[in-house]
Structures are given as structure tokens and as C-alpha cells.
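What follows is a single structure, written as C-alpha cells, with notes after it.
Laid out in C-alpha cells, this is it:
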């Protein structure tokens, strides 16, 4: 079981790496602005969260003394620490990380469907009605993930405290947070097949290591100043699509029924790529 988790975890990390190349190769950002004013509003609100990091940088820059180059190294280290602390307070200590995913659902929606179209060679329904359904489901998934995260991290802390393993609280809690964050992304792949959130969660548990890896990638990218809130959702969404498509292809996960397709049919002539082992 542990061996499977580790192998699934590394596979998930490779999927995140492949996602960056896949996005660039196929220019998946094309058409992102075709979802109407609501989508643009949600995207802008999500990006505004990045101003938190800009405020940190501006405060640092205003106190840097350019006439003392010998102090520049220490100043850069101080900026790095402030960025990490800001990111920690934003994403690791509360619910804001999930709010970002709700606000940027349009990004995940677009990139997951474009990735799937290229992998399968078949167009998918990307109408506003479909997006609205995905947005509503994301809210439900986020609420579920947030509640379960609080429950499991609390229970883990109690159990580890009882058996005198308090030093494991932080890594265990972080692992749980990565899992639930990863699931909110992975569900965007599963929801296209109209399966329930409960069934989607069961599929995620079968490859928990991969889900944790995708959640970890999401966390790391969210910490990127200014651009993190924009980059994290679509990279993680593509990584989840590549990973689960390959897992189904290998027979690790049972394939789901064909998702609803668009009337236009195949949107691309690209051959379906595979993730290298």
C-alpha cells in the first residue's frame, strides 16, 4: 500500500511537470476569454488576491537602501521570508486557498476541457450552462473538502498528541491539506462524466498519492507572488487531466463513460500524447 502511494505520488509529480510542456505545446490558453463577463469578473477577483504579495514586495522595496550594496543580500533574504510568511498566512492557515479555486473555476474548466479534447481528439461541451454547473459543483466540492480537512487535521492532531508523536502534526496536516486541495482539482476531471461527488472521491482515494502530488503542486504554485493565483489552477487542472487519462489508459482506474461533446466535434488534429514513464 505504501509502495503504491509513493509510486502514485511520483507519477503525480511527473504529471505536473508534463503539464507545463503540454500547455505550451498546445497553447491551451487560447479561448480563455470566451466565457462571458461573469467568468472575467471571477478571474479578476482571483488575481486581485495576488496583490497581497505585491504589497509585501512594495513594502520591502521602499526600505531597501541602494547605497549599501553589502546589505542587499540580507535584504533579499528578508524579502523571501516575508513572501513565505505572507503565503503561509494566506493559504496554509485558512480557507482562502479554496476561495481562490472557486473564483478561478473558469480557468480550471477551460484548461481541463481543452486538455481532454486534445487527448481524446473529441470536442467537449463548454457552453455557459455547462460552466455554471461546474461552478456550482466546485462550490460544493470546496465546502466538502474544507470541512473534511478541518475534521481530519483535528483528529490527526489529537491522535498524534496521545501517542506522543506531536512532531508529526505539521507534516501530517500538510499532507492532508494537499490531498483535499488535490481532490478539488481532480474532481474537475471527473465531473465531466456526470458522476457524483461521492463516486469522484472514491476514485481519488484509489490513487491518493497522485492526488496528494497534484495538491502539493497547487500549493507551491499558489505561493508564486502575483501570478500564483492565476497559474496554479490551470497547471494543476492540466496535470490532473494528464494523470487520470493515463491512469485509465493503463487500467489503474476504470474508464468512465464518454463526456458530453460539443457539436463541433474534434477541435484539433494533434495526436493524443502520453506521459512518459
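In this note's numbering, the protein residues as written are 106 to 382.
We treat Cβ as the ideally placed atom computed from N, Cα and C, and that holds for glycine.
Leaving out the 5 sequence neighbours to the left and right, which residues in its chain are closer than 8 Å to residue i when beta-carbon positions are compared?
| i | result |
| --- | --- |
| residue 108 | none |
| residue 120 | 315, 318, 319, 344, 345, 347, 348, 351 and 380 |
Closer than 6 Å by C-beta to residue i: which residues in its own chain qualify, once you throw out the five before and the five after it? Chain order, please.
| i | result |
| --- | --- |
| residue 286 | 320 and 323 |
| residue 349 | 294 |
| residue 231 | 218 |
| residue 113 | 312, 314 and 315 |
| residue 345 | 290, 291, 294 and 319 |
| residue 305 | 292 and 295 |
| residue 353 | 360 |
| residue 177 | Only weak support is given to the placement of residue 177: the predicted model assigns it a pLDDT of 45, under 50, and the question is left unresolved by the model. |
| residue 60 | This structure leaves residue 60 out entirely; the chain is present only between 106 and 382. |
| residue 268 | none |
Which residue from the options puts its Cα closest to that of residue i?
| i | options | result |
| --- | --- | --- |
| residue 339 | 124, 236 and 313 | 124 |
| residue 216 | 128, 269 and 267 | 128 |
| residue 250 | 303, 116, 110 and 120 | 303 |
| residue 234 | 214, 245 and 222 | 214 |
| residue 360 | 334, 132, 225 and 244 | 225 |
| residue 240 | 208, 261 and 221 | 208 |
| residue 252 | 277, 200, 341 and 343 | 200 |
| residue 341 | 362, 301 and 283 | 283 |
| residue 358 | 336, 307, 204 and 271 | 307 |
| residue 300 | 256, 258 and 238 | 238 |
| residue 243 | 271, 268, 204 and 276 | 204 |
Residues in its own chain within less than 7 Å of residue i by CB, not counting five upstream and five downstream?
| i | result |
| --- | --- |
| residue 309 | 288, 291 and 316 |
| residue 362 | 298 |
| residue 271 | 265 |
Hey, would you say residue i sits closer than 8 Å to residue j, going by beta carbons?
| i | j | result |
| --- | --- | --- |
| residue 206 | residue 247 | yes |
| residue 118 | residue 318 | yes |
| residue 313 | residue 116 | no |
| residue 327 | residue 334 | yes |
| residue 260 | residue 273 | no |
| residue 133 | residue 343 | yes |
What residue range does the alpha helix (DSSP H) around residue i cover?
| i | result |
| --- | --- |
| residue 131 | 107-131 |
| residue 338 | 333-355 |
| residue 281 | 274-295 |
Since residue i and residue j are thought to touch, with beta carbons under 8 Å apart, how far apart are those beta carbons, to the nearest angstrom?
| i | j | result |
| --- | --- | --- |
| residue 229 | residue 297 | 7 Å |
| residue 220 | residue 347 | 7 Å |
Does the ligand SAM have a heavy atom nearer than 7 Å to the CB of residue i?
| i | result |
| --- | --- |
| residue 121 | The ligand SAM is not among the ligands present in this structure, which contains no ligands whatsoever. |
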